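Visitor: The numbering used here numbers the first residue of the sequence shown as 333 and each following residue consecutively.
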Amino acid sequence: MKVTKFSGELVHFEREKLKNSLLKSGANDKIISQVMHEIEKALYEGIPTKKIYKLAFQLLKSFSNVHAARYNLRTAIQDLGPAGFYFEKYIAKLFEFEGFQTITNLILDGKCVSHEVDVVIKLDNQIAMIECKFHGNQDAKTDVKVPMYILSRFNDLKGKKAHLFNENESIEKCWIISNNRFTEDAVKFGLCCDLHLLSWDYPFENGLKNKIDSYQMYPVTCLTTLTRLEKDKLLMQDIITVKDLLKKPIWLSKVGLSSNRINNILKEASELCN
Numbered sequence: 333m334k335v336t337k338f339s340g341e342l343v344h345f346e347r348e349k350l351k352n353s354l355l356k357s358g359a360n361d362k363i364i365s366q367v368m369h370e371i372e373k374a375l376y377e378g379i380p381t382k383k384i385y386k387l388a389f390q391l392l393k394s395f396s397n398v399h400a401a402r403y404n405l406r407t408a409i410q411d412l413g414p415a416g417f418y419f420e421k422y423i424a425k426l427f428e429f430e431g432f433q434t435i436t437n438l439i440l441d442g443k444c445v446s447h448e449v450d451v452v453i454k455l456d457n458q459i460a461m462i463e464c465k466f467h468g469n470q471d472a473k474t475d476v477k478v479p480m481y482i483l484s485r486f487n488d489l490k491g492k493k494a495h496l497f498n499e500n501e502s503i504e505k506c507w508i509i510s511n512n513r514f515t516e517d518a519v520k521f522g523l524c525c526d527l528h529l530l531s532w533d534y535p536f537e538n539g540l541k542n543k544i545d546s547y548q549m550y551p552v553t554c555l556t557t558l559t560r561l562e563k564d565k566l567l568m569q570d571i572i573t574v575k576d577l578l579k580k581p582i583w584l585s586k587v588g589l590s591s592n593r594i595n596n597i598l599k600e601a602s603e604l605c606n
């Protein structure tokens, strides 16, 4: 049986890959077995992977909003687009959880020209810049041209004094973070040039997805009890993560939700972060 990827490419259906993604949602063996059974009944030659994903999401949601929310994580990260502005804010929140100080959206003068920098982080007096490469298409990869280009910008900024956190300080390290994946050459180049790379599944077992699940730093776009418009309204108020929403639930009233819906949303949010 072959399925059609987002890119239009035909590939073999990988039963174990789907099963593993369901397992990572937190669903138990009984639920996974029932979901797999329903999906396999619906399969046909060339079925779009998007359709399989949508069916799996709906089936999981019928059992548990939280399982569906975790399964929906990659799409939820993409919903921080379309331009990736909220993705940059989300990455800053992730580093703040690790104890870093952060600043977003800076314009800094380099030795030669000025540069827009997505995020600057500081920990133990060491300062690094972060460039976020956001993709709206799940099949898109960050290729070697990206770290090559960012390295030239980093070299122009490195060691140049600027008023950043408390005083005149300089950037000494560089991160490149993607919501998708890096090509093999991009990883090789990053390692060779001492660039820190973070993507959906890189480094192995410590990629973006692993960090999110480990820290329970889920984006607010994960929540299945909110509409897309409601999520957008919360993002505009700097409610970027589910933890932010739990700290400031008053914003659910401010966007015009009923008390019954607020209770349902907060129930899902609490379960997701527990």
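The beta carbon of each residue, even a glycine, is placed where N, CA and C say it ideally should be.
Every value quoted in this text rests on a predicted model; they were computed, and no experiment measured them.
Mapping DSSP to helix, strand and coil, what is TRP532?
Guide: Taking the first residue of the sequence shown as 1, we reach residue 532 at position 200. Three-state result, TRP532: coil.
Visitor: Once you ignore the five residues that flank THR381 on each side, which residues in its own chain have a CB closer than 6 Å to its CB?
Guide: Counted from its first residue, the sequence shown places residue 381 at position 49. Here the set comprises VAL335 and LYS337.
Visitor: If we count Cβ pairs, one from each stretch, closer than 8 Å, do we get three or more for the stretch 395–407 versus the stretch 551–561?
Guide: Flag = yes, the stretch 395–407 and the stretch 551–561 touch.
Visitor: Over what stretch of residues does the beta strand (DSSP E) that includes HIS447 continue unbroken?
Guide: In the sequence shown, residue 447 corresponds to position 115, counting from 1. That run of the beta strand (DSSP E) goes 446–455.
Visitor: At what residues does the beta strand (DSSP E) containing ILE439 begin and finish?
Guide: In the sequence shown, counting from the first residue as 1, residue 439 sits at position 107. From DSSP, the beta strand (DSSP E) with ILE439 extends over 433–441.
Visitor: Pick from LYS473, ALA374, ASP450 and SER585: whose alpha carbon is nearest that of TYR534?
Guide: Residue numbering aside, residue 534 sits at position 202 when the sequence shown is read from its first letter. Comparing Cα positions, the closest option is LYS473.
Visitor: Within this structure, are the beta carbons of ASN511 and ILE409 separated by less than 9 Å?
Guide: Taking the sequence shown and counting its residues from 1, one reaches residue 511 at position 179. Taking the sequence shown and counting its residues from 1, one reaches residue 409 at position 77. Their beta carbons are under 9 Å apart, which means ASN511 touches ILE409 by this criterion.
Visitor: Indicate the three-state DSSP secondary structure (helix, strand or coil) for THR559 in the structure shown.
Guide: Residue numbering aside, residue 559 sits at position 227 when the sequence shown is read from its first letter. Correct three-state label for THR559: coil.
Visitor: Thinking C-alpha only, which one of LYS586, GLU600 and ARG560 is nearest PRO414?
Guide: Here residue 414 refers to the residue found at position 82 of the sequence shown. When each option's Cα is compared against that of PRO414, the closest is ARG560.
Visitor: Tell me which residues share the same chain as LYS541 and place their Cβ nearer than 7 Å to its Cβ, disregarding the 5 neighbours each side in the sequence.
Guide: Working through the sequence shown from its first residue, we reach residue 541 at position 209. Hits under 7 Å: LEU405, TRP532 and ASP533.
Visitor: Alpha carbon to alpha carbon, how far is CYS524 from SER353? Give it in angstroms, no decimals.
Guide: For this step, residue 353 is matched to residue 21 along the sequence shown. For this step, residue 524 is matched to residue 192 along the sequence shown. About 32 Å.
Visitor: Put CYS554 into one of helix, strand or coil per three-state DSSP.
Guide: Sequence index remark: in the sequence shown, residue 554 carries index 222 (1-based). Note: CYS554 maps to helix in three-state DSSP.
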